[in-house]
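Peer 1: Residue numbers (our numbering): 1087 to 1509.
Have a look at this one before I ask anything.
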RNA sequence: GGAGAUGUGGCAGAGUGGUCGAUUGCGGUAGUCUUGAAAACUACUGUACUGCAAGGUACCGGGGGUUCGAAUCCCUCCAUCUCCGCCA
C-alpha cells in the first residue's frame, strides 16, 4: 500500500510509472487526494468538537466539586447538542476512512525506473543466460513419466488421498526432495540468512500485511472455523515477523530463510501447464527474505539474485534471468527478477524463482519502520525470493539428467542424497 | 473443552469514574563533574493524525457500550497464567 503523503507529493511520477503496468491510476489517485482532503477537514471539525467537549467535561467536574449543582446541570445540557453533532462527524469520518482505504488497496506498487514497459510475459527482458541445454538420448521422456518409471512420485495416489495437485513423493524421489531442501537451506545459511520454521497457517492480519488480502482470497486455502489461511508462500509468515516492529539502523540487513510447504488453490488453472510437477496445490519451497535500509535495497536485490544463480550453477541446470516487464510485475512489487530453468523434455522454460523488491509497499502495511539518524520514523524496504521452489527444479533435474543408464544426480547434491544415480 | 485470574509506555510496576498520556523505579539519550571510566547529579526520553506555530485530537490487549467525563464500570472477542479434562 502506498502512503497518502507519498501519493500527494509524487502524483505525476506515480502516474507516469503506472504506464509501465498499463495501469491507469489517475481517477483513483484524484479521488484519494480529494478524500484525504475531506478526511482532514472532517477530522479538524471533529477534533474541535471533542476539544470543546473535553473542556466542558472538565468544567462540569469542577462545578460538582465546588457544590454548584445547578450550574453543573445547566452545563450538562450544553453537551447534548455537541454530542449529537459529534456522532454525525464520527460517522462521516469512518465512512471516509473506509472509502480511502478501499481506494488505497486498489493501487499497485510503483514500478522501478528500470522496469521495462510491457503487456505480458512476452515482454520480459532476458538479462542473463547460463549453461548449455543438454542433448537428450532419443528415448527421453518428460518428468512425469520418469517419476513413474523410477517410482519417484505417485500422482494418482495423491489424488486418492487428497486430490489433484497433491503428489506423493516416495523412495529416492522423497529422498531427492529432502536433499534439495537441505541443500538450499544450507546454502542460505552459509550466505548469512538465519533459518526459521514458521507456522503454515496465518491469521487475517498477516495475510493483509504482505498483501495477500484483500483481493487474493481465492488463491489461499481458508479455514473459516478458525479464521486462518494456509500460507501460499513462506514470505507471508516470515515477513510478518517484522509487522509492528521498530528497527534500529544497525539492525540492517535482516536476513531470514525458511523452508515450508506452500498451498495454493490455483483456481482456473488447466492444460499442459498443470501436467506433472508444473503446477501443484501443495509444493515445497525455500524462501529467502531481507529487511533492508531503503538506500541499500537494490544492492540487496542484486545479491539475492546472485544467491539464486549460485544455486542453479551448483545444480548444473541451464537457466536464464528475466527482468519482469510492467505488465507481468506483481501487484506489490517494484522490481522483480524471475529465474527460469530449461526443461529439456518439455522443451520449455520453467519459473523456479522470483526475486522482488517491494520497497515500502509491504512495510507500510506491516508498519515496519526504523528511526533514521535524525530520529525520524521511516519505512523499511522488504525483499524476498524463492531459493528455490522445488517441483520444477525436480522436474528439470529428472529430465535434463536422464541417460540410458538412469538419472544422474548433480555432484553438489550427492552428499545430501547419498546416491549419485537413480536407476 | 470446563473453572478461575490477569492484560497499563522498552522492561518492572502504581493507578477502581474527573486536572491521567498516565506516579515511581530500571533502562536509554544528552549534559555537569573526572586525566579517563564508574558513581553521583541535572534535563530529556511513546506513536499517529492535524496545525506556519502555539496547540488540538486519538491511543492504557482489540472492538462496542454506559456517562457531562472511563485506564478505571458493562458487554464481547483475543492473548497469557493457574487448576481440571483430553492429547502428539
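Where is the CB? At the ideal position from N, CA and C, for every residue including glycine.
Quick one: grab the DSSP three-state call for residue 1361.
Peer 2: If you number the first chain from 1, residue 1361 lands on position 275. It is coil, neither helix nor strand.
Peer 1: Can you tell which of 1475, 1412, 1392 and 1486 has the C-alpha that lies nearest to the C-alpha of residue 1433?
Peer 2: Along the first chain, one-based indexing puts residue 1433 at 347. It is 1486.
Peer 1: Which runs of the beta strand (DSSP E) at least 3 residues long sit entirely within the segment 1370-1394? Give them in chain order.
Peer 2: Counting only runs of 3 or more, we get nothing.
Peer 1: Taking the alpha helix (DSSP H) that residue 1437 falls in, what are its first and last residues?
Peer 2: To locate residue 1437, count along the first chain from 1; it is residue 351. No alpha helix (DSSP H) contains residue 1437, which is instead part of the beta strand (DSSP E) from 1434-1445.
Peer 1: At 3 residues or longer, and completely inside the segment 1313-1354: list those beta strand (DSSP E) runs for me, N to C.
Peer 2: Those beta strand (DSSP E) runs which fall completely within the segment 1313-1354 and span 3+ residues are 1314-1316 and 1340-1349.
Peer 1: Are there three or more Cβ pairs, one per stretch, closer than 8 Å when the segment 1121-1137 is compared with the segment 1190-1205?
Peer 2: Taking 8 Å as the limit for Cβ pairs, the verdict is that the segment 1190-1205 does not touch the segment 1121-1137.
Peer 1: Does the distance from the C-beta atom of residue 1197 to that of residue 1302 stay below 8 Å?
Peer 2: Counting from one through the first chain, the residue named residue 1197 turns up at place 111. Counting from one through the first chain, the residue named residue 1302 turns up at place 216. No, the pair does not count as a contact, with Cβ atoms beyond the cut-off.
Peer 1: Can you tell me where the alpha helix (DSSP H) holding residue 1295 begins and where it ends?
Peer 2: Locating residue 1295 in the first chain gives position 209, where the first residue counts as 1. Looking at the DSSP string, the run of the alpha helix (DSSP H) that includes residue 1295 is 1290-1295.
Peer 1: Please work out which residues of its chain come closer than 8 Å, Cβ to Cβ, to residue 1226, disregarding the five sequence neighbours upstream and downstream, and give them in chain order.
Peer 2: Position 140 of the first chain holds residue 1226. Taken in chain order, the residues that qualify are 1430, 1431, 1485 and 1488.
Peer 1: So which of 1258, 1421 and 1347 has the shortest CA-CA distance to residue 1502?
Peer 2: Here residue 1502 refers to the residue found at position 416 of the first chain. For residue 1502, the nearest C-alpha among the options comes from 1258.
Peer 1: Apart from the five residues on each side of it in sequence, which residues of its chain come closer than 6 Å, Cβ to Cβ, to residue 1443?
Peer 2: Here residue 1443 corresponds to residue number 357 of the first chain, with the count starting at 1. Closer than 6 Å at Cβ, skipping near neighbours: 1383, 1387, 1420, 1421 and 1469.
Peer 1: Can you tell me the Cα-Cα spacing of residue 1171 and residue 1450, whole angstroms?
Peer 2: Your numbering for residue 1171 matches position 85 in the first chain. Your numbering for residue 1450 matches position 364 in the first chain. Going from the Cα of residue 1171 to the Cα of residue 1450 covers about 33 Å.
Peer 1: Use the C-beta contact count for residue 1394: other C-beta atoms within 10 angstroms, 16 or more gives buried, fewer gives exposed.
Peer 2: Counted from its first residue, the first chain places residue 1394 at position 308. Answer is buried; the Cβ neighbour count reaches 16.
Peer 1: Taking all protein chains shown into account, do 16 or more other C-beta atoms lie within 10 angstroms of the C-beta of residue 1166, making it buried, or fewer, making it exposed?
Peer 2: Locating residue 1166 in the first chain gives position 80, where the first residue counts as 1. Classification for residue 1166: exposed.
Peer 1: Looking at the structure shown, is residue 1463 part of a helix, part of a strand, or coil, going by DSSP?
Peer 2: Along the first chain, read from residue 1 onward, the residue named residue 1463 stands at position 377. It is a strand residue.
Peer 1: Look at the alpha carbon of residue 1441 and the alpha carbon of residue 1476, and state the distance between them as a whole number of angstroms.
Peer 2: Here the question's residue 1441 lines up with position 355 in the first chain. Here the question's residue 1476 lines up with position 390 in the first chain. Roughly 15 Å between the two C-alpha positions.
Peer 1: Is the segment 1408-1419 in contact with the segment 1282-1293, if contact means three or more CB pairs nearer than 8 Å?
Peer 2: No: the two stretches stay apart, fewer than three of their Cβ pairs being nearer than 8 Å.
Peer 1: Could you pull the start and end residues of the alpha helix (DSSP H) that residue 1270 belongs to?
Peer 2: As a first step, residue 1270 must be located in the first chain, where it is residue number 184. Residues 1258-1276.
Peer 1: Helix, strand or coil for residue 1457? Go by DSSP, reduced to three states.
Peer 2: Along the first chain, read from residue 1 onward, the residue named residue 1457 stands at position 371. Three-state DSSP puts residue 1457 in a strand.
Peer 1: For residue 1087, name the three-state secondary structure that DSSP assigns.
Peer 2: Along the first chain, one-based indexing puts residue 1087 at 1. Note: residue 1087 maps to coil in three-state DSSP.
Peer 1: Pick out whichever of 1338, 1233 and 1400 has its Cα sitting closest to the Cα of residue 1278.
Peer 2: By one-based count along the first chain, residue 1278 stands at place 192. Nearest C-alpha to residue 1278: 1338.
Peer 1: Measuring alpha carbon to alpha carbon, tell me which residue in 1350, 1138 and 1379 is nearest residue 1366.
Peer 2: For this step, residue 1366 is matched to residue 280 along the first chain. Of the listed residues, the one whose Cα sits closest to residue 1366 is 1350.
Peer 1: Below 8 Å, can you find three or more Cβ-Cβ pairs linking the segment 1141-1155 to the segment 1088-1095?
Peer 2: They do not touch, by the three-pair rule.
Peer 1: Go through its chain and collect everything with a Cβ distance to residue 1341's Cβ below 6 Å, but skip five positions before and after it.
Peer 2: As a working mapping, residue 1341 is identified with position 255 in the first chain. Same-chain partners within the cutoff: 1278, 1279 and 1376.
Peer 1: Would you list the one or two residues that DSSP bridges to residue 1406?
Peer 2: In the first chain, counting from the first residue as 1, residue 1406 sits at position 320. In DSSP, residue 1406 forms a bridge with 1215 and 1426.
Peer 1: Have a look at the DSSP bridge pairing and note the partners of residue 1251.
Peer 2: The sequence position of residue 1251 within the first chain is 165, counting from 1. BP columns for residue 1251 are empty, so no partner.
Peer 1: On the DSSP letters alone, give me the boundaries of the beta strand (DSSP E) that residue 1111 sits inside.
Peer 2: As a first step, residue 1111 must be located in the first chain, where it is residue number 25. Residue 1111 -> no beta strand (DSSP E), and no H or E assigned at all.
Peer 1: Give a yes or no on whether the C-beta atoms belonging to residue 1372 and residue 1343 are separated by under 8 Å.
Peer 2: Residue numbering aside, residue 1372 sits at position 286 when the first chain is read from its first letter. Residue numbering aside, residue 1343 sits at position 257 when the first chain is read from its first letter. Against a cut-off of 8 Å, the Cβ pair of residue 1343 and residue 1372 comes out as a contact.
Peer 1: Could you check whether the segment 1316-1335 touches the segment 1269-1289, counting it as contact only if at least three pairs of C-beta atoms, one from each stretch, sit closer than 8 Å?
Peer 2: Touching, per the Cβ criterion.
Peer 1: What is the rounded straight-line gap between the Cα of residue 1255 and the Cα of residue 1238?
Peer 2: The residue given as residue 1255 occupies position 169 in the first chain. The residue given as residue 1238 occupies position 152 in the first chain. Taking the straight line from one Cα to the other gives about 6 Å.
Peer 1: Give the secondary structure of residue 1488 by DSSP, where H, G and I count as helix, E and B as strand, and everything else as coil.
Peer 2: Taking the first chain and counting its residues from 1, the one referred to as residue 1488 is at position 402. It is a strand residue.
Peer 1: Taking buried to mean at least 16 other C-beta atoms within 10 Å of its own C-beta, is residue 1274 buried or exposed?
Peer 2: Start at 1 with the first residue of the first chain, and residue 1274 comes out as number 188. Counting Cβ neighbours within 10 Å, residue 1274 comes out buried, since at least 16 surround it.
Peer 1: Helix, strand or coil for residue 1236? Go by DSSP, reduced to three states.
Peer 2: The residue given as residue 1236 occupies position 150 in the first chain. Residue state, collapsed to three classes: coil.
Peer 1: Please check the pair residue 1482 and residue 1436, which I expect to be a contact at CB under 8 Å, by giving their CB distance rounded to whole angstroms.
Peer 2: Here residue 1482 corresponds to residue number 396 of the first chain, with the count starting at 1. Here residue 1436 corresponds to residue number 350 of the first chain, with the count starting at 1. Sure, about 6 Å apart at Cβ, within 8 Å.
Peer 1: Consult DSSP for residue 1471 and reduce its assignment to one of helix, strand or coil.
Peer 2: As a first step, residue 1471 must be located in the first chain, where it is residue number 385. Three-state result, residue 1471: strand.
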